[in-house]
Amino acid sequence: MSGPSTYEPKTGFERWLDQRLPILRFANDTMSTFPTPKNLNYWWTFGAVLAMMLGIQIVTGIVLAMHYVPNADMAFNSVEHIRRDVNYGWLIQFMHANGASMFFIAVYVHMFRNLYYGSFKAPREVLWILGCIIYLLMMATAFFGYVLPWGQMSFHGAVVITNLIGAIPVIGPAITRLLWGGFAVDNPTLNRFFSLHYLLPFIIAGVVGLHIWALHVPGNNNPTGVNVKSKEDTVPFHPYYTVKDGFGVSVFLLMYAVFVFYMPDALGDAINYVKANPLQTPQHIVPEWYLLPYYAILRAFPNKLLGVVMMFGAIATLFVLPWLDTSKVRSMRYRPTARLYYFIFIVACILLGWCGANPPDEPIAKGFPSFQLLDSPLNSFTWLSRIGAAYYFAYFWIITPWLGLTEKTLPVPEGISEPVLSHPATAPAGSVASPEKRG
Amino acid sequence: MLRKLTLAAFGLALMAAPAFAATTQKEAVDPSGGWVWSGPFGKFDKAQLQRGYKVYREVCSACHSMEQLYFRNLGQKGGPFFDPKYPNPNDNPVVKSLAHDIQIKDVDTDTGDAIQRPGQPSDRFPNPFANAYAAAASNGGAAPPDLSVMAKAREGGPSYIYSLVGLGFVAPPAGLTVPAGKYYNPYYPGDLTANWHGKGPPPEGGLISMPPPLTPNKVSFDDGTPSTVQNEARDVAAYLAWAAEPKQEERKAFGLGAMIYLLIFTGLIYLSYKRVWRNVAH
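Line by line, the protein sequences give chains A and L.
Numbers -5 to 433, taken from our numbering, label the letters of the first sequence in order.
Numbers 16 to 297, taken from our numbering, label the letters of the second sequence in order.
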């Protein structure tokens, strides 16, 4: 918490408890009176959405685990049993399966919001790194979870991903054997993946606790990126942000409900409704949509080890981002050049996802002439992935450090309370240039 | 040096690059009139599901298992033979008699001998083959896939099933060599390059091991629906769409309530938001 506690015990019991375990003081200071910038927009509600999604995934997951059988011969049928015979099993199972996708939609919005408003910069580097750890744990959890229904894509996805680890020199094969619990993906693999899938969400919950702690020391960033100067700049978290987050959360729930009730299989792969068969490899093995950009980076490189290194490098890059960004201005509201490169970066991520979903050798534009460039035709997803991957790394390692040193930024307002009177993102350029003259 | 290494790496990759077989297939089509259950309020046509079950029972079940289904499912809410008089499907006389028509492998608990007995609503649909090896051996090496979730397990779902068995078994185009025990089907994914000796690019589709399952008048429908191949295919696809998710109608009905609740809740919370923030410039 920033600032002194504002908690005043009201009853005798509260005073008694406060001297022994100040848990009510803690709850009051972190969730009720916590001073929050008054200009946070809807992009900031995704933190609350993520907290809710973690809760939903844990609760539905615990119920599913009561009915699921982690056995290579029975797993697929037990998931069907949940859908068909368990009371409201279909609801819980679809909520959990679609919930994973919703969780990732929210985490991507949360991360892109962070990049745009420069929330990862000092003094919030630890907050950002904890978020990256959560993201990494989420990917591992989602991967383990996707294996559990033991469909064709579950099985062969597990084979592909665990084999990647094997590309690491010296220790790779040993780690792979440890993951497999044998010499191939089989029943022991399923058992340990189930165990890890149950464990990791609680580790995520722990890191989320640290994440919120690290948030409450410097307090929230805000759309202007300007530090909170006075009490005038903030409102207490409750009721102002409980109600605003509540609204964001319920709009998100509406979208989630459309998927669960009306298109529950839209985000999944049809072939995962076929029981795993080790002897029959599906023609195109693709991960779930939220991992596709990394899959594209992996396949963009002709050498397997290099691909694995770059894929993990793409995530590792995020961890050092606070030190790559040299700009003194946090928010891209006042960085028009950076904003342009940022939107290209979003396009590059979507392009990478599209590449990951398609076979690398397939032409992008069918019927168009193409010629061979080194190892692949230019009109193929391989080259598009390479362009996307090149931009991904260039954005963080070249563009971001270079822009911070060279770009011309717009004047930054003195404080939060100033620009809220006329929205600088929508105001004409001239008015932004001299914000101090406005009344 | 670095450039040479890079080029060498690219060269190696070129040799190792897996050759992706470019499979093609004709896009699956809906039957005329579409599917009655599509859309957020769509419900299954019970008569159609009953006809579809008959097609499955008399034709498909000779080779294809449906191991996720129990006879009781036929009489549960949303099922083909649901009767509001029998909320417990195990009491439904139609379901009882349908189950009774089928012989089930069991063990005599007095002697331990393997026996056959008439089915009950609580029995699973029996598997036509003793195991996957027997299924493959009886079908030219290709075991017929289980049909329980087939309507979800293929791109296009019921439309794919309808197109494959209702429209797809056509004479192969001249210039296509079809090996014995295989059948040309434009809706089945495949790569016909190796079998193609005609002019132009090879035709769309693939070679399937399943012989044409449906013929006109193969299944007689009690409600007078003409037994054309397309009708039989359409009805069995509808039945398989139900079987892939028997709780589909419950899902949509529950969803309607959930959406209405969430809409009201969202509206109220928006009004609260406006009220709480009314005096804050932001």
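Beta carbons are placed, not taken as given, at the ideal position from N, Cα and C, and that holds for glycine.
Per DSSP, L229(L) lies in no alpha helix (DSSP H) segment and is marked neither H nor E. Cβ proximity to chain A below 7 angstroms picks out nothing from the segment 235 to 251 of chain L. Secondary-structure assignment with DSSP links D121(L) through a beta bridge to I130(L). In the DSSP assignment, I128(A) falls within the alpha helix (DSSP H) that extends over E119 to V141. P276(A) and Y289(A) do not touch by the CB rule: their CB atoms are close to 15 angstroms apart, not below 8 angstroms. In this structure, the beta-carbon distance from K167(L) to D259(A) falls below 8 angstroms. A straight-line Cα-Cα distance of about 10 angstroms links G270(L) and L277(L). Under the three-state reduction of DSSP output, N22(A) falls in the helix class.
For the pair V109(L) and G90(L), the CB atoms are nearer than the 8 angstroms cut-off.
V43(A) is the residue among L292(A), V43(A) and E2(A) whose C-alpha sits nearest the C-alpha of M249(A).
Counted as a single uninterrupted DSSP element, the alpha helix (DSSP H) harbouring P108(L) occupies residues P108 to H115. Residue pairing by DSSP leaves Y111(A) without any beta bridge partner. For the segment 24 to 58 of chain A, the residues whose beta carbon sits under 7 angstroms from a beta carbon of chain L are, in order, K32 and N33. Within chain A, the residues placing a beta-carbon under 9 angstroms from that of R266(L) are W84, L85, F88, V254, F255, Y256 and P258, ordered along the chain. Within chain L, no C-beta atom comes less than 7 angstroms from the C-beta of S72(A); the nearest is roughly 11 angstroms away. Leaving aside the five residues that flank F137(A) on each side, the residues in its chain whose CB is nearer than 7 angstroms to its CB run, in chain order, I155. The straight-line gap separating the alpha-carbon atoms of A59(A) and A388(A) is approximately 43 angstroms. Fewer than three pairs of CB atoms, one per stretch, sit closer than 8 angstroms, so the segment 392 to 404 of chain A makes no contact with the segment 199 to 214 of chain A. Sixteen is the threshold: when 16 or more other Cβ atoms of the shown chains lie within 10 Å of the Cβ of I128(A), as they do, the residue is buried.
Rounded to whole angstroms, the separation of the alpha carbons of P99(L) and F184(L) is 40 angstroms.
Looking at the backbone, the Cα of F246(A) and that of G239(L) are separated by about 49 angstroms. In the structure shown, Q135(L) adopts coil according to DSSP, grouped into three states. Put simply, the CB of V51(L) is far from chain A, with every gap to its CB atoms at 8 angstroms or more. At a cut-off of 8 angstroms, the C-beta of L248(A) has a neighbouring C-beta in chain L. Counted as a single uninterrupted DSSP element, the alpha helix (DSSP H) harbouring G242(A) occupies residues T236 to Y256. Within chain A, V237, K238 and F241 have C-beta atoms less than 7 angstroms from the C-beta of Y288(L), given in sequence order. For the C-beta of W211(L), not a single chain A residue is nearer than 8 angstroms; the gap to the nearest is close to 19 angstroms.
Y148(L) is classed as exposed because its beta carbon has fewer than 16 other beta carbons within 10 Å across all chains shown. In the structure shown, P195(A) adopts helical secondary structure according to DSSP, grouped into three states.
The segment 42 to 57 of chain A makes no contact with the segment 223 to 232 of chain L; the number of CB pairs closer than 8 angstroms stays below 3.
Residue-level contact by beta carbon holds for G270(L) and chain A, with a gap shorter than 8 angstroms. Note: Q366(A) is bridge-paired with P371(A) in the DSSP secondary-structure output. Taking the Cβ atoms as the reference, V73(A) lies roughly 5 angstroms from P143(A), within the contact range of under 8 angstroms. Apart from the 5 residues on each side of it in sequence, K269(A) sits with its Cβ closer than 6 angstroms to the Cβ of F70 in its chain, given in chain order.
For the C-beta of T38(L), the chain A residues within less than 9 angstroms are, from N- to C-terminus, Q277. The shortest CA-to-CA distance from Q146(A) to any of D263(A), I56(A), Y328(A) and L286(A) is the one to D263(A).
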